[in-house]
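Chains as they are written, first to last, in my numbering: chain F, 45 to 241; chain X, 45 to 241.
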DNA sequence: GTCTATACAATGATAGAC
DNA sequence: GTCTATCATTGTATAGAC
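This is how it looks when you write it as structure tokens:
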């Protein structure tokens, strides 16, 4: 420390989000980001694996969180309780300050197909992690798959509401509410018999 | 026709799959593909939007197929019947010769992260298409979402078995069997009460 | 109407100097 | 750690050949 300005990664991150918000993701070059941060392209690519990952910075731990949540659930937990445990562990990472980050990121994501593709990949990785953790506890691959889809759907739906509204409820509340609503919807499909509207 | 060798797209496609199989996707350059096809990079990028799409050639119509399947289902169809209609329309496109294509593509896909990312994006697009078609018929966004996840999961699981085994059953059979099995798994989750194993 | 040649911008890797 | 420099590759743009 001392020879250069500190927090190169933080400066790059802020510079990138500013430029992405101002001109869109695609219209911003990595050289421009580095320049605004007072660095060069080389340093940017040493600190970030690629341009897309700048936007998803810090989301790598989510996979570990959802897995740990399921693994640390009580031994007598039901299938639904395992999903809730995974989602609670995941949601706990979303502190109120991340709400602002989410609001910044949403329009950036919308501005680039390349970025949405990476976002979908992240969702898929999260689903696979939950699916495999559930599989190890339940022993049934199909149940694990169905529950993982349901849980991650609840997570993303809860996230969308959380960043859109402005109140004091925790992120976890939104996700668990959505999970319950999705489970209700699924139950109705089974109990409604074979005739639809 | 006549002035140049015909079927430039087909030649590029074959050249690409050969090279991808021989050296892997990442180690093959677009210039090499064009050269083997007796063409140039310029022509390749006029016929394919990008390098990844070479591998997924022809999958664009799948979105339209699943949507049409749901839309053309009888007016008194139940929710489950709508999903089956979408999947049948989708599966009908998988003629036996596509089985060989699938067997060629699987190891190529496994060789590249970039390619798996695009594959996940395609799955997501298919899920969204089914979800929206179901939403228009059912009027319930959560039911549509849950059913779309279930249906596309059945489609991919059926596909995996279809390319792996060697018998005369149609692709549609595998998908519908898997759908029924997933629905069973989901039902068990609801009727099993709250205690798991 | 299809292909080629050339030039170009951007991402990302790499090597060596400070 | 960071910089300069150079490089390979993807993908675009343009102008022209047949």
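Heads up, the beta-carbon is just placed ideally off N, CA and C, and yes, glycines get one too.
Residue interval of the alpha helix (DSSP H) (run including residue i)
| i | result |
| --- | --- |
| residue 160 of chain X | 157-182 |
| residue 217 of chain F | 215-235 |
| residue 151 of chain F | 141-154 |
| residue 91 of chain F | 85-91 |
| residue 67 of chain F | 52-67 |
| residue 135 of chain X | 123-135 |
| residue 82 of chain X | That residue, residue 82 of chain X, is in no alpha helix (DSSP H); it is neither H nor E in DSSP. |
| residue 193 of chain F | 185-208 |
| residue 119 of chain X | Neither: residue 119 of chain X is in no alpha helix (DSSP H) and is coded neither H nor E. |
| residue 268 of chain F | Here chain F comprises residues numbered 45 to 241, so residue 268 of chain F is not present and cannot be evaluated. |
| residue 113 of chain X | 105-115 |
Close beta carbons around residue i, own chain, < 8 Å, minus the five adjacent residues each side
| i | result |
| --- | --- |
| residue 152 of chain X | 61, 64, 65, 68, 69, 99, 159 |
| residue 240 of chain F | The predicted model places residue 240 of chain F with a pLDDT of 44, which falls under 50 and marks its position as unreliable; any figure quoted below should be read in that light. No residues qualify anywhere along the chain. |
| residue 83 of chain X | 52, 55, 56 |
| residue 77 of chain X | 56, 59, 60, 63, 88, 98 |
| residue 232 of chain X | none |
Residue i classed as buried or exposed, judged by whether at least 16 other C-beta atoms fall within 10 angstroms
| i | result |
| --- | --- |
| residue 206 of chain X | buried |
| residue 114 of chain X | buried |
| residue 50 of chain X | exposed |
| residue 238 of chain F | Because the pLDDT at residue 238 of chain F is just 48, under 50, the model does not fix this residue reliably, and the value given afterwards should be weighed accordingly. Flag for residue 238 of chain F reads exposed. |
| residue 71 of chain X | exposed |
| residue 208 of chain X | exposed |
| residue 48 of chain F | exposed |
Residue i vs residue j beta-carbon contact at 9 Å
| i | j | result |
| --- | --- | --- |
| residue 30 of chain F | residue 106 of chain F | Shown here, chain F extends from 45 to 241; a query on residue 30 of chain F therefore has no answer. |
| residue 146 of chain X | residue 203 of chain X | yes |
| residue 186 of chain F | residue 225 of chain X | yes |
| residue 214 of chain F | residue 168 of chain X | no |
| residue 230 of chain F | residue 234 of chain X | yes |
| residue 227 of chain X | residue 124 of chain X | yes |
| residue 165 of chain X | residue 119 of chain F | no |
Own chain, CB closer than 7 Å to residue i, minus 5 neighbours either side, in chain order
| i | result |
| --- | --- |
| residue 112 of chain X | 133 |
| residue 189 of chain F | 175 |
| residue 101 of chain F | 57 |
| residue 173 of chain F | 107, 110, 111 |
| residue 198 of chain X | 131, 219, 222, 223, 226 |
| residue 149 of chain F | 99 |
| residue 91 of chain X | 52, 53, 56 |
| residue 216 of chain X | 132, 135, 136 |
| residue 170 of chain X | 106, 107, 110, 196 |
| residue 103 of chain X | 166 |
6 Å CB neighbourhood of residue i in its chain, flanking five on each side removed
| i | result |
| --- | --- |
| residue 155 of chain F | 68, 69 |
| residue 95 of chain F | 74 |
| residue 162 of chain X | 96 |
| residue 80 of chain F | 59 |
Heavy atom of the ligand ATP within 8 Å of residue i beta-carbon
| i | result |
| --- | --- |
| residue 104 of chain F | The ligand ATP is absent from the structure shown, which contains no ligands of any kind. |
Does the region 115-130 of chain X touch the region 87-94 of chain X, meaning 3 or more C-beta pairs lie closer than 8 Å?
-> no
At least three beta-carbon pairs within less than 8 Å, the region 175-182 of chain F to the region 219-229 of chain X | no
Could you say if the region 185-200 of chain X and the region 136-146 of chain X meet the contact criterion of at least three C-beta pairs nearer than 8 Å?
-> In short, these stretches do not touch, since the Cβ pair count stays below three.
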